[in-house]
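Position 723 (the sequence shown) corresponds to 723 in UniProt numbering; numbering is contiguous. The next block holds one structure in the form of structure tokens; read it before the comments.
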Amino acid sequence: MFILTLPLNKHSVHVFTTASKDSGEGEEELQRRLEKRERARRKRENNRAMLTKRCEGSERAHLPRLSSEQETSEEANEAAAEEDTQEEEVRPESLSPEELEKLKEAVDERKKLIQSLRGKPWPMKKKLVTLRESQEFVEKYEGALGKGKGRKLYAYKVMMTKKWMKFQRDFENFKTACIPWEMKIKEIESHFGSSVASYFIFLRWMYGINLILFGLTFGLVMVPEALMGRPYGSIPRKTVPRAEETSAMDFAVLWDCGGYAQYSVLFYGFYNNQRAVGWLKFRMPLSYFLVGVGTVAYSYMVVIRTMARNANESGVGDDNSFNFSWKMFTSWDYLIGNPETADNKFASITTSFKEAILEEQESRKDDNIHLTRFLRVLANFLVLCCLAGSGYLIYFVVRRSQKFALDGLENHTWWERNEVNMVMSLLGMFCPMLFDVISALENYHPRVALQWQLGRIFALFLGNLYTFIIALMDEINLKREEEKIIKFNITMWETSLYNGTVSENSTAPPVTIQPADVPRGPCWETMVGQEFVRLIISDTMTTYIMLLIGDFLRAVLVRFLNYCWCWDLEAGFPSYSEFDVSGNVLGLIFNQGMIWMGAFYAPCLPALNVLRLHVSMYLQCWAVMCCNVPQERVFKASGSNNFYMAMLLVILFLSTLPAIYTIVTIPPSFDCGPFSGKKRMFDVIQETLESDFPAWFSKVFSYASNPGLVLPFILLMVLAIYYLQSTSKSYKEANVELKKKLHAVNSICFLLIIARTFMCF
């Protein structure tokens with residue numbers, strides 16, 4: 001038998017234990033003795049607290065008598081405790097290794113209890129008492145374990161563990177602080193709900209994607225060509241033609257992507273077909289092709305990965321039981337110390353209650369089903385008419401612009417030159433408003449109505465975009481026919497230039513032709529890139545102008561003219577505008593689709609989109625908080641943004657189809673771009689394999705790209721996807737069954753508790 005005294009703080013804690021062969025019994029004995037000493041210490045502290053309280057409330061005449069009684073009682077308690085432990089005192093060095101290990105295990109158990117205490121189904125009072133006791137136990141005995149010979153390592157480990165946990169907390173706070181626009185989005189969510197905030201979260205995500213695309217195109221395509229390629233004016237494709245030099249710096253020409261902007265690294269035609277450039281022997285054509293393919297592959301990967309992560313997060317712990325009770329008793333964050341943050345949290349809780357009330361009302365709604373079906377069929381018919389009309393209008397305008405191009409664009413007005421871009425922007429602006437009016441007939445749940453609205457605007461934008469692409473393909477065919485004629489004329493011009501006879505005694509210098517005077521063919525790739533850049537710029541300017549006019553000026557009008565107007569401008573017409581979630585989301589998605597579609601022919605498009613998204617975040621956040629009002633029917637957004645991601649994935653697939661078609665089927669222009677002189681653009685891969693890799697690698701690549709191997713591999717991937725989808729479906733069904741069983745068990749337990757309560761009475 002041995003005895004231990006651990007002097008800690010003001011009091012000594014005595015540990016008595018008997019060495020036992022059974023380790024379990026020894027640990028229980030140690031724990032019991034420790035708890036006994038703790039109870040004695042707490043009893044002494046309680047006596048002192050009672051003495052202080054009673055002395056403060058007593059009269060001065062009775063103070064000496066009361067104090068002497070309490071002091072006598074306290075001394076008696078302390079004497080009794082000292083008598084119990086008097087024969088048990090010894091130094092800390094007397095602990096055996098086994099007992100030291102048991103004490104360490106007890107400290108570790110208390111630490112685990114502190115970490116898991118939040119999830120214990122105990123009353124709050126019991127949790128607080130247990131937490132306080134465990135913290136005191138750990139603080140005292142953890143320090144005691146760090147004293148004495150051979151125990152410094154344990155104290156060092158404890159200290160480093162605490163420092164590591166503090167570092168992890170600080171690092172998590174730092175990561176949260178580094179998230180761009182996080183506080184702006186939280187403020188918008190607190191006032192306008194999660195549906196409006198989901199748009200800004202989606203915009204921030206798109207901004208990150210475009211930063212990566214911009215880094216790839218800028219670092220691997222534009223910068224190498226600008227630094228290591230041939231300079232401006234050295235060859236015809238990098239020189240403004242002589243006839244255009246006088247107007248090459250005009251603002252109207254530059255705004256139309258012509259002049260010096262056309263003959264720069266911003267567009268496809270500026271890049272040379274030289275296989276290696278600079279002292280690094282940088283493979284410019286190969287880099288251009290691989291960056292174009294890599295941006296699309298990266299976009300596919302990140303969209304699918306985000307969808308999978310959102311699906312995993314949305315499928316965990318989705319339980320709507322006692323929704324209002326949870327919101328009432330657990331919504332407030334007691335760590336808030338900033339008044340502005342508290343106001344935002346209060347507004348957020350209010351908005352969440354509105355969302356929950358609307359969800360409950362919609363779940364109990366009972367309407368006339370026959371009238372509802374008729375109105376929904378009528379609404380869909382009107383939407384189809386709008387879609388057909390917009391598609392025909394775009395096709396008509398594009399065909400008209402081709403006639404203007406044949407006549408010469410300089411002979412027409414500004415509207416006629418930019419008619420296609422302006423019509424597409426106006427249709428994308430006013431058709432969603434018309435769809436919003438039509439959707440009032442359907443009487444859907446706001447979340448379902450938003451999805452229908454998104455689907456209709458998606459069909460509108462997709463039809464407009466593909467109508468534009470079809471008309472653009474007609475223009476590409478016209479350029480190719482013109483290219484054949486010009487190619488023949490250039491051959492005749494070169495023949496007449498070099499077939500002249502020169503006398504033997506002539507001392508005249510040879511004829512030199514400046515690059516600006518050399519005739520050149522039409523570069524259809526640059527033309528396609530210019531069309532997409534014009535479309536992006538016109539759409540961006542139209543969006544910002546309508547934001548200032550439709551939101552800001554409207555809000556100013558309602559705010560300052562409401563006092564002197566004939567009717568209530570806030571409650572009636574025009575009133576403050578609401579934030580159009582569906583139109584803005586689809587605008588983002590289709591702008592990104594145009595970036596993916598045109599970035600191969602205009603490497604500047606990702607940079608333009610990064611600038612556009614950056615400005616849009618600040619401008620739209622300001623417009624929402626200053627000019628818009630929350631929707632009358634505030635509703636909760638879905639648990640994830642997978643609906644947005646699904647549309648983005650569809651538009652990504654549909655945007656890559658035209659680019660892949662032009663790369664695979666249409667021959668590149670003969671005198672512009674990095675692939676000039678090749679039959680197809682992808683021939684650069686075969687050329688690189690033959691020149692830079694051994695022969696066996698080229699054979700392996702040709703065998704691997706054989707359709708006889710590719711098709712079975714694709715079939716195997718489809719079967720694997722089907723198997724994984726079936727497995728996931730079975731897991732979901734099993735989770736649903738388990739949830740039903742848990743609900744049944746909870747109901748039975750609740751009934752048993754009620755029955756037992758009545759039996760007790």
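Ideal placement from N, C-alpha and C gives every residue a C-beta, glycine not left out. Fair warning: this is a prediction, and the values are worked out from it, not measured in the lab.
DSSP links Ser-577 through a beta bridge to Asn-628.
Arg-237 is positioned such that its CB atom lies closer than 9 Å to that of Arg-520. For Phe-282, DSSP records a beta bridge to Val-277. A straight line joining the alpha-carbon of Lys-111 with that of Val-138 spans about 7 Å. Excluding five sequence positions before and after Pro-180, the CB atoms of its chain that fall closer than 7 Å to its own CB belong to Arg-204, given in chain order. Cβ contact annotation for Leu-378 (same chain, cutoff 7 Å, sequence separation greater than five): Leu-441, in chain order.
Here the region 226-240 lies against the region 267-281, with 3 or more beta-carbon pairs under 8 Å apart. The DSSP-derived three-state label of Asn-706 is coil.
If you ignore the 5 residues before and after Gln-725, its C-beta comes within less than 7 Å of no other C-beta in its own chain.
Here DSSP, grouped into helix, strand and coil, assigns Ala-106 to helix. The DSSP-derived three-state label of Val-265 is coil. From the listed residues Asp-580, His-614, Arg-612 and Leu-465, the smallest Cα separation to Val-624 is found for Asp-580. Straight through space, the alpha carbons of Ala-261 and Gln-168 are spaced by roughly 50 Å.
Between Cys-672 and Gly-389 the beta-carbon gap is near 38 Å, outside 8 Å, which marks them as no contact.
For Asn-380, the closest of Lys-345, Lys-403, Asn-421 and Leu-434 by C-alpha to C-alpha distance is Leu-434.
Closest by C-alpha distance to Thr-161, out of Asp-108, Ile-549 and Leu-547, is Asp-108. By a beta-carbon distance limit of 8 Å, Val-556 does not contact Leu-569. Their separation comes to about 11 Å. Contact between Val-533 and Cys-257 holds: CB atoms are separated by about 5 Å, below the 8 Å threshold. Sixteen is the threshold: since fewer than 16 other Cβ atoms of the shown chains lie within 10 Å of the Cβ of Cys-749, the residue is exposed. Taking the Cα positions, Phe-573 is about 18 Å away from Met-546. Distance between Ile-753 and Val-448, taken at the CA atoms: about 41 Å. In the three-state reduction of the DSSP assignment, Arg-373 falls in the helix class, which pools H, G and I. Judged by DSSP secondary structure, Glu-525 falls within the alpha helix (DSSP H) whose first and last residues are 524-547. If you look at Met-422, you'll find it in the alpha helix (DSSP H) that goes 419-439. A Cβ-Cβ contact shorter than 9 Å links Thr-372 with Asn-443.
By alpha-carbon distance to Leu-472, the top candidate from Val-398, Ala-459 and Leu-611 is Val-398.
Under the three-state reduction of DSSP, Leu-751 is assigned to helix. Look at Ile-470 here: in three-state DSSP terms it is helix. Within the same chain, Ala-347 come within 6 Å of His-191 by CB-CB distance, once the 5 residues on both sides are set aside.
In terms of Cα proximity to Ile-394, the closest of Asn-464, Arg-376, Ser-352 and His-370 is Asn-464. Taking 8 Å as the upper bound for CB-CB distance, Ile-651 and Gly-593 are in contact here, some 4 Å apart.
By the CB criterion at 9 Å, Cys-604 and Phe-552 fall outside the cutoff.
Per DSSP, Ser-325 is one residue of the alpha helix (DSSP H) stretching across 323-330.
In its chain, beyond the 5 residues on either side, Asn-272 and Pro-515 have a beta carbon closer than 8 Å to the beta carbon of Ile-235. A Cβ-Cβ distance of about 5 Å is found for the pair Gly-529 and Phe-267, placing them in contact under the 8 Å criterion. Leaving aside the five residues that flank Tyr-300 on each side, the residues in its chain whose CB is nearer than 7 Å to its CB run, in chain order, Leu-652.
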